[in-house]
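Engineer: Have a look at this one before I ask anything.
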DNA sequence: CGTACGTTCTGGAACGGTCCAAAGCCGGTC
DNA sequence: GACCGGCTTTGGACCGTTCCAGAACGTACG
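Protein chains in written order, with full-length UniProt numbering: chain A, 1 to 334; chain B, 1 to 334.
Given below as structure tokens:
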């Protein structure tokens, strides 16, 4: 038994399929009694429009594809929430695909999305550079959210202002009295921006020589190892600015393992204000990127770009704030 | 400029659209030179089949819809991974929708999926009971994964064996020498199963009177509050079996706040073996549900059910294991 | 040489919607 | 009564595929 089609509804209501279509799309030009007959028929048959048929005919899918870099890293949840709300308000649905899950399968997600003929594409987080994304972005309106790359001709970028975020974190520590400060660096453009900002602030305060940087890799493990390296220097830093919350948690573990109390012996600042940072037992001081807002704005950007695909690419940065919790305090000596 | 269609490819290759279709679907009945001509044309034009047109004609979408209860709770990630790999092997793509994100928008996710005419539906985790899901399940092959409800006529259930999981946790604590043990209970059938199993094991060891149960709500906050209640009893428990990792983290915070050392003064067992439990700084002893396996089996179930939609519903349970980490040890007195 | 039979290839009918030009209906005007 | 114009309604073309019946083209055989 196949699901009812618009023709079944039309027959039942005693009208033409065109009229059913009009009613379903909310036309004013329909006499009330016919409208009700149609709606009654829809109800009785449990009719649901077929999205494939509709989009074939309309030449659009009212669907945007969202590419996630890795679900295991929880920073994107708020962003998605913001995205979703704004897209939903404009009658668009969201399809999710996780790059990490699929990379190991060697599947190209953008391929799926182009076959689906999504109306737009949102890349959330830093994705591995790929030719596929380049060419997809050339065909369908695309926005990068919560990351700074790739930078492509007609692709907008919406993200937190990493420079001012890292500045907030670093200045907070300096204001508390820290002088010798370490940084766990991340990958890509975002990593470079936060790192450079950290270094700039240190320089502004004449602390260049007291700044130490070790490379992490966005994971807890990476943060842990970077911290061990930072803390094994002859003069250990009294505070660390971590690239993100996950690596900050790694730092927390390293500190604990080395017998350091946080924040008494070591202050830590994370980045992203993920729910992990909000876990009472961790309670990380962290930089909040206003991810929900980033998501909403990214959605708006996409809507604008769908309306005018050729407009110049723009970069929208949100202003981060510092969320002070339990992992920062004045250094032991002060 | 519209994306090329199969007719464009046919024209360019100097064949009929039917032949192009044959080539693209991998027919053997095509002479090599024509095949190559077609493939070359596909390549030059950058042709991608239109999924909507295809599914309209084939009457299937090669897509399954996945309903998540809440992205903020990380237990499902492994499960999705398992799901995805098996579905992918069978040429099915996965569409994700998060119940939590959409509930606040008041949108009915199953509606989107039925309009999309997905070939199958997978409900991941305990979803709020809804008439929509009932009726969707009546129309399209459906499997519940990582939860035990709803139980519907032709809906399979694939999940960890909560009874034996809670038993593992409880017996582990008893074997360590704990006698007075608390439980943070969860919601729904899963919550009831784990709770009953906890109580059964306690009874088997003659510890009924030393068992205490407080209701949590699956979140850290709920776990925290339940633990405060458990620990404010005149005789506090020396160990707690938490419903899940998140509430276990809440318990950890509560213990810390009350000045108890874990595991010296209080042992804790979580549930789900999420990446949160693996964070070094938390390092929770937890029950592993073999989520990846649950995902794979759920996918297999769905495939079987798509092949034969009327077969009787089955319940598949995986055997959990205990992951012993840092939050359990012998009680202080022993 | 005509016929039968594989192997390849093709035209056209679905699939289930949207959209548009045109038709039907109505009361009001001249 | 013919004509007009606004409001409703309709038939049919179209969207880009798949699928099927049958055409075209060998090749082998009697």
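Built from N, CA and C at the ideal position, the CB exists for glycine as well.
1) Can you check whether the C-beta of residue 183(B) is within less than 8 Å of a C-beta belonging to chain A?
2) Mind pulling the alpha helix (DSSP H) runs of 4 or more residues that sit fully within the region 137-187 of chain B?
3) Does DSSP classify residue 335(B) as helix, strand or coil?
4) Under 8 Å: do the region 262-270 of chain A and the region 168-177 of chain A share three or more Cβ pairs, one atom per stretch?
5) Any Cβ of chain A within less than 8 Å of the Cβ of residue 253(B)?
6) Let me check one thing: in DSSP terms, what residues is residue 271(B) bridge-paired to?
7) Could you tell me if residue 141(B) is buried or exposed, where buried requires 16 or more neighbouring beta carbons within 10 angstroms of its beta carbon?
8) Could you tell me whether the Cβ of residue 52(A) comes closer than 8 Å to any Cβ of chain B?
9) How about residue 142(A): is its C-beta nearer than 8 Å to some C-beta of chain B?
10) Excluding the five sequence neighbours on either side, which residues of its own chain have a C-beta within less than 6 Å of the C-beta of residue 198(A), listed in chain order?
11) Could you check whether the Cβ of residue 5(A) sits closer than 8 Å to any Cβ belonging to chain B?
12) Would DSSP call residue 95(B) helix, strand or coil?
13) Note the first and the last residue of the continuous alpha helix (DSSP H) segment covering residue 110(A).
14) If you measure between the beta carbons of residue 309(A) and residue 205(A), is that distance less than 8 Å?
15) In this structure, what does DSSP give as the bridge partners for residue 211(A)?
16) What residue ranges within the region 33-105 of chain B form continuous alpha helix (DSSP H) runs of no fewer than 4 residues, ordered along the chain?
17) For residue 126(A), I'd like the list of residues in its chain whose CB is within less than 8 Å of its CB, leaving aside the five on either flank, ordered along the chain.
18) Hey, quick one: how far does the alpha helix (DSSP H) through residue 313(B) stretch, first residue to last?
19) Mapping DSSP to helix, strand and coil, what is residue 260(A)?
20) If you reduce the DSSP assignment to three classes, tell me which class residue 191(A) lands in.
21) Using the three-state DSSP reduction, which class does residue 120(A) fall into: helix, strand or coil?
22) At a CB-CB cut-off below 8 Å, which residues of chain B make contact with residue 224(A)?
23) Taking 8 Å as the cut-off, does the region 281-295 of chain B touch the region 317-332 of chain B (at least 3 CB pairs, one atom from each stretch)?
24) Should residue 246(A) go down as buried or exposed, given a rule of 16 or more other Cβ atoms within 10 Å for buried?
25) Which first and last residues belong to the alpha helix (DSSP H) in which residue 10(B) is found?
26) Is the Cβ-Cβ distance between residue 220(B) and residue 249(B) less than 8 Å?
27) Determine the extent of the beta strand (DSSP E) in which residue 242(B) is found, giving its start and end residues.
28) Note down the Cα distance separating residue 278(A) from residue 317(A), rounded to an integer number of angstroms.
29) Less than 8 Å between the CB atoms is what I'm expecting for residue 114(B) and residue 48(A), so what's the real figure, rounded?
30) Residue 257(A): which of 96(A), 200(A), 232(A) and 23(A) sits nearest, CA to CA?
31) Taking 8 Å as the threshold (beta carbon to beta carbon), is residue 47(B) in contact with chain A?
32) For residue 93(A), go through chain B and note every residue whose CB falls closer than 7 Å to its CB, in chain order.
33) Quick check: what's the CA-CA separation for residue 214(A) versus residue 157(A)?
34) Measure the C-alpha to C-alpha separation of residue 91(B) and residue 223(A) and round it to an integer number of angstroms.
35) For the ligand GDP, is there a heavy atom less than 7 Å away from the beta-carbon of residue 53(A)?
36) Pick helix, strand or coil for residue 29(B), following the three-state DSSP scheme.
Structural biologist: Let me spell this out:
1) no
2) 162-176
3) Missing from the structure shown is residue 335(B); chain B here goes from 1 to 334 and no further.
4) yes
5) yes
6) 287(B).
7) buried
8) So yes, residue 52(A) belongs to the interface.
9) no
10) Sequence-distant partners of residue 198(A) (beyond 5 residues in either direction) whose C-beta falls short of 6 Å from its own C-beta, in its chain, are 166, 170, 183 and 241.
11) Cβ-Cβ to chain B under 8 Å: no for residue 5(A).
12) strand
13) 109-116
14) no
15) 181(A)
16) Fully enclosed alpha helix (DSSP H) runs of 4 or longer: 51-58, 76-89 and 99-103.
17) The residues are 69, 147, 148, 149, 187, 188, 189 and 190.
18) Looking at the DSSP string, residue 313(B) is not in any alpha helix (DSSP H), and its letter there is neither H nor E.
19) Note: residue 260(A) maps to coil in three-state DSSP.
20) Correct three-state label for residue 191(A): helix.
21) strand
22) 280
23) Three or more pairs of CB atoms, one per stretch, sit closer than 8 Å, so the region 317-332 of chain B contacts the region 281-295 of chain B.
24) Buried: at least 16 other Cβ atoms inside 10 Å.
25) 6-13
26) yes
27) Looking at the DSSP string, the run of the beta strand (DSSP E) that includes residue 242(B) is 239-242.
28) 24 Å
29) 5 Å
30) 232(A)
31) no
32) 112
33) 27 Å
34) 38 Å
35) As presented, the structure is devoid of all ligands, the ligand GDP included, so that no description of it is given.
36) Coil at residue 29(B), not helix or strand.
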